[in-house]
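Enquirer: Structure below; questions to follow.
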Amino acid sequence: MTVDSALRSPMNYSPSDKDVKALKFIEEMTRNVDFVQKKVIREILSRNSETEYLKRYGLKGFTDRRTFKTKVPVVTYDDLKPEIQRIANGDRSMILSSHPITEFLTSSGTSAGERKLMPTIDEDMDRRQLLYSLLMPVMNLYVPGLDKGKALYFLFVKSESKTPGGLPARPVLTSYYKSEQFKRRPYDPYNVYTSPNEAILCPDSSQSMYSQMLCGLLMRHEVLRLGAVFASGLLRAIGFLQTNWKELANDISTGTLSSRISDPAIKESMSKILTKPDQELADFITSVCCQDKWEGVITKIWPNTKYLDVIVTGAMAQYIPMLEYYSGGLPMACTMYASSESYFGINLKPICKPSEVSYTIMPNMAYFEFLPHEVATEASELVELADVEIGKEYELVITTYAGLNRYRVGDILQVTAFYNSAPQFKFVRRKNVLLSIESDKTDEAELQGAVEKASMLLREQGTRVIEYTSYAETKTIPGHYVIYWELLMKDQTNPPSNEVMAQCCLEMEESLNSVYRQSRVADKSIGPLEIRVVKNGTFEELMDYAISRGASINQYKVPRCVSFTPIMELLDSRVVSTHFSPALPQWSPERRR
Numbered sequence: 000m001t002v003d004s005a006l007r008s009p010m011n012y013s014p015s016d017k018d019v020k021a022l023k024f025i026e027e028m029t030r031n032v033d034f035v036q037k038k039v040i041r042e043i044l045s046r047n048s049e050t051e052y053l054k055r056y057g058l059k060g061f062t063d064r065r066t067f068k069t070k071v072p073v074v075t076y077d078d079l080k081p082e083i084q085r086i087a088n089g090d091r092s093m094i095l096s097s098h099p100i101t102e103f104l105t106s107s108g109t110s111a112g113e114r115k116l117m118p119t120i121d122e123d124m125d126r127r128q129l130l131y132s133l134l135m136p137v138m139n140l141y142v143p144g145l146d147k148g149k150a151l152y153f154l155f156v157k158s159e160s161k162t163p164g165g166l167p168a169r170p171v172l173t174s175y176y177k178s179e180q181f182k183r184r185p186y187d188p189y190n191v192y193t194s195p196n197e198a199i200l201c202p203d204s205s206q207s208m209y210s211q212m213l214c215g216l217l218m219r220h221e222v223l224r225l226g227a228v229f230a231s232g233l234l235r236a237i238g239f240l241q242t243n244w245k246e247l248a249n250d251i252s253t254g255t256l257s258s259r260i261s262d263p264a265i266k267e268s269m270s271k272i273l274t275k276p277d278q279e280l281a282d283f284i285t286s287v288c289c290q291d292k293w294e295g296v297i298t299k300i301w302p303n304t305k306y307l308d309v310i311v312t313g314a315m316a317q318y319i320p321m322l323e324y325y326s327g328g329l330p331m332a333c334t335m336y337a338s339s340e341s342y343f344g345i346n347l348k349p350i351c352k353p354s355e356v357s358y359t360i361m362p363n364m365a366y367f368e369f370l371p372h373e374v375a376t377e378a379s380e381l382v383e384l385a386d387v388e389i390g391k392e393y394e395l396v397i398t399t400y401a402g403l404n405r406y407r408v409g410d411i412l413q414v415t416a417f418y419n420s421a422p423q424f425k426f427v428r429r430k431n432v433l434l435s436i437e438s439d440k441t442d443e444a445e446l447q448g449a450v451e452k453a454s455m456l457l458r459e460q461g462t463r464v465i466e467y468t469s470y471a472e473t474k475t476i477p478g479h480y481v482i483y484w485e486l487l488m489k490d491q492t493n494p495p496s497n498e499v500m501a502q503c504c505l506e507m508e509e510s511l512n513s514v515y516r517q518s519r520v521a522d523k524s525i526g527p528l529e530i531r532v533v534k535n536g537t538f539e540e541l542m543d544y545a546i547s548r549g550a551s552i553n554q555y556k557v558p559r560c561v562s563f564t565p566i567m568e569l570l571d572s573r574v575v576s577t578h579f580s581p582a583l584p585q586w587s588p589e590r591r592r
């Protein structure tokens, strides 16, 4: 059932008044895309006309798209960095926005190893809340009865810092969970969580995970959907259960909370949930979790689960087989497309196959332009939202109320269809991203720099790295980076020791960006980096294999990231030693590099 058919066919579906309002809003926005976009850019340019940035380019009060696109350049984060740094340092003049910048949202994309700081104004929270309010009315078209139970969502806050000028700098979801809109949200039968706010807002991820899992087990028959932001996050929760089920079962058996929980707010909230012993439930958890095979464990423990609510597009697609294994093939719903820069759109067919996920851009969220990807040059003309073509790939460019003007987000999207006059996009990939486990994004230049720094530790004994490639190992929980090295040794009888190679692993981690290091240290969502040393001649074999499949010997380049199974099997068959990082890299919320 589509949004439009639901509104036209009340005999088949009886949405609530709230749902009808939301669905009509979607219809209005998607039928009038170009009109709404003209209105949005006019509003942005009118309110920000006196900002330093727009005055620099001589708009002189013009608010039409043509003048804007003629005079204002397309930019990247590095272009805006001087202005953003001034705001971060405390400059409160109208640099990018006429409205005060109230916080920075930290992007998982990186520039020279730094988190990107995305300026935000107060009303941006209302725009995000508006998009959230559209999700359940759409989901209710496909999955009935979600008001009869609860959602077990593993939600977490991450570490935050303050800029030199005193503004908060934190991930977008941390900002949302700490907002009054979230903490004081009105009761909605379609959005009841098993986890209390106190568990979600606990900065200790271990205590937060433990208490959220315990709540989910106690309310297992009430759970109608499971989720996390990313697919990797839900798998991490399953891995946590595998490791800690005995302790969780003991809490349920005794009716007492584990001593590992020291957070006062969690202890108080859990005292209202874990109220008495339940030996029957504890025995059930034990009987399920003591099995060697965990296939279908989600539906065994939470038998009424209708779908998984997780992002499985882009880099997260690598986790689909494991989610299918643990869930017994439950549908996976990707409901929304958003980033630190802006919230973009929603999936109007949320219960579709992961390979078919497309997002409909809501034209009221920002002003959108699209840079044709395959022919992108300095002279490439950007395309309006209403004018993109089915089948073509584009890089997303946005202009926001908070002062990003013609900003290249770095997402590559492919147009799959139109809903009314609104294009629908498949997320293809992040531009230039090589490795990603969760919110980390490591590009080729950064990986190259990390390899170079680590290989310096081998110089003393005359050893150097002559070739390398990598892949993101996601069959383990948590996933981790695997780097294949082929070494040229001065003395073949005296290879680098395991201690030296382990230090190379750690040196690589120290060289990677702060998002990666936070994931290792604070979030524990990435495991220790691994280096696998392969036999000499392995990369020659890799080239021979590629040529046998039609690659040109003159144009062949060693792939810096691999995922094709035969190539990985070839590499693994040539491994002579494996080494892991022996310690955590350095990271703190204040250290953005």
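Going by numbering that gives the first Met the number 0, the sequence shown opens with residue 0, and the numbers climb by one from there.
We put the beta carbon where it would ideally sit given N, CA and C, even for glycine.
1. Identify, in the order they occur along the chain, each residue of the same chain with its Cβ nearer than 7 Å to the Cβ of MET665, setting aside the five sequence neighbours on each side.
2. Report the rounded CA-to-CA distance for GLU27 versus ASN419, giving the unit in angstroms.
3. Once DSSP output is grouped into helix, strand and coil, what is the label at GLN423?
4. Less than 6 Å between the CB of ALA198 and some heavy atom of the ligand SAH, yes or no?
5. Helix, strand or coil for ALA449 per DSSP?
6. Which full runs of the alpha helix (DSSP H) of 4+ residues lie inside the segment 474-549, going along the chain?
7. Is GLU508 close to chain D, meaning its C-beta is less than 7 Å from at least one C-beta of that chain?
8. Looking at the strands, I want to know which residues DSSP matches up with PHE103.
9. Does the segment 145-152 come into contact with the segment 184-199, if we say contact requires no fewer than three beta-carbon pairs (one atom in each stretch) closer than 8 Å?
10. Are GLU443 and ARG559 closer than 7 Å when you measure CB to CB?
11. Is it the case that the Cβ atoms of ALA227 and VAL309 are separated by a distance below 7 Å?
12. Does DSSP put ALA416 in a helix, a strand or coil?
13. If you draw a straight line from the alpha carbon of SER110 to that of LEU395, how long is it in whole angstroms?
14. Output the boundary residues of the alpha helix (DSSP H) element that contains PRO320.
15. For LEU511, I'd like the list of residues in its chain whose CB is within less than 7 Å of its CB, leaving aside the five on either flank, ordered along the chain.
16. Report back the beta-carbon spacing between ILE465 and GLU451 to the nearest angstrom; my notes put them in contact at under 8 Å.
17. Just checking my contact of GLN180 with ALA198 at CB under 8 Å: how many whole Å lie between their CB atoms?
18. What residue from THR473, PRO477, TYR480 and LEU487 has the CA that sits closest to ARG458's CA?
19. Compute the Euclidean distance between the alpha carbons of THR334 and TYR306, then round it to the nearest angstrom.
20. Tell whether a beta-carbon distance below 7 Å holds between VAL32 and PRO362.
21. Keeping to the same chain, check which residues put their C-beta closer than 6 Å to that of TYR400; ignore five residues upstream and five downstream.
22. Take the Cβ of ALA582 as the centre, count every other Cβ of all protein chains shown within 10 Å, and call the residue buried at 16 or more, exposed below.
23. Within 10 Å of its beta-carbon, does CYS289 have 16 or more other beta-carbons around it, so buried, or fewer, so exposed?
24. Answer with buried or exposed for SER572, where buried requires no fewer than 16 other C-beta atoms within 10 angstroms of its C-beta.
25. Restricting to runs no shorter than 3 residues, where is the beta strand (DSSP E) found entirely within the segment 171-254?
26. What span of residues does the alpha helix (DSSP H) with TYR400 cover, start to end?
27. Identify, in the order they occur along the chain, each residue of the same chain with its Cβ nearer than 7 Å to the Cβ of GLN502, setting aside the five sequence neighbours on each side.
Expert: To lay it out plainly:
1. In the structure as shown, the chain starts at 0 and stops at 592, and residue 665 therefore has no counterpart that could be examined.
2. Within the sequence shown, numbered from 1, the residue matching residue 27 stands at position 28. Within the sequence shown, numbered from 1, the residue matching residue 419 stands at position 420. If I take the Cα positions, the gap works out to 10 Å.
3. Translated into the one-based positions of the sequence shown, residue 423 becomes position 424. It is a strand residue.
4. Questions concerning the ligand SAH fall outside what the structure shown contains, since it holds no ligand whatsoever.
5. Taking the sequence shown and counting its residues from 1, the one referred to as residue 449 is at position 450. Three-state result, ALA449: helix.
6. 497-510, 513-520 and 537-547
7. Within the model displayed, chain D is absent; a lone protein chain is all it includes.
8. Position 104 of the sequence shown, counted from the start, is the residue given in the question as residue 103. PRO118 and ALA168.
9. yes
10. The count along the sequence shown starts at 1 and reaches residue 443 at position 444. The count along the sequence shown starts at 1 and reaches residue 559 at position 560. Yes, the pair counts as a contact, with Cβ atoms nearer than the cut-off.
11. Start at 1 with the first residue of the sequence shown, and residue 227 comes out as number 228. Start at 1 with the first residue of the sequence shown, and residue 309 comes out as number 310. Yes, these two residues count as a Cβ contact at 7 Å.
12. The residue given as residue 416 occupies position 417 in the sequence shown. Correct three-state label for ALA416: strand.
13. By 1-based counting over the sequence shown, the position of residue 110 is 111. By 1-based counting over the sequence shown, the position of residue 395 is 396. Reliability fails at SER110, whose pLDDT of 35 lies under 50, so the model's placement of it is uncertain and no value is given.
14. For the purposes of this step, residue 320 is taken as the residue at position 321 of the sequence shown. PRO320 -> alpha helix (DSSP H) spans 319-326.
15. In the sequence shown, residue 511 corresponds to position 512, counting from 1. THR441, GLU445 and ALA449, listed in sequence order.
16. Position 466 of the sequence shown, counted from the start, is the residue given in the question as residue 465. Position 452 of the sequence shown, counted from the start, is the residue given in the question as residue 451. With a Cβ gap of about 13 Å, ILE465 and GLU451 do not count as contacting.
17. If you number the sequence shown from 1, residue 180 lands on position 181. If you number the sequence shown from 1, residue 198 lands on position 199. The Cβ separation is near 19 Å, so there is no contact.
18. For this step, residue 458 is matched to residue 459 along the sequence shown. Looking at the Cα atoms, LEU487 is the closest of the given residues.
19. Counted from its first residue, the sequence shown places residue 334 at position 335. Counted from its first residue, the sequence shown places residue 306 at position 307. Approximately 12 Å between the Cα atoms of the pair.
20. Start at 1 with the first residue of the sequence shown, and residue 32 comes out as number 33. Start at 1 with the first residue of the sequence shown, and residue 362 comes out as number 363. It is a contact, given that the beta carbons lie within the stated cut-off.
21. Within the sequence shown, residue 400 is the residue found at index 401, counting from 1. The residues are ILE43.
22. As a first step, residue 582 is located in the sequence shown; it is residue number 583 there, counting from the start. Counting Cβ neighbours within 10 Å, ALA582 comes out exposed, since fewer than 16 surround it.
23. For the purposes of this step, residue 289 is taken as the residue at position 290 of the sequence shown. It counts as exposed.
24. Looking up residue 572 in the sequence shown gives position 573. It is exposed - the Cβ of SER572 has fewer than 16 other Cβ atoms within 10 Å.
25. 222-229
26. Residue numbering aside, residue 400 sits at position 401 when the sequence shown is read from its first letter. Run containing TYR400: none; DSSP gives neither H nor E here.
27. Looking up residue 502 in the sequence shown gives position 503. Excluding residues within five positions, the ones whose Cβ falls inside 7 Å are LEU456.
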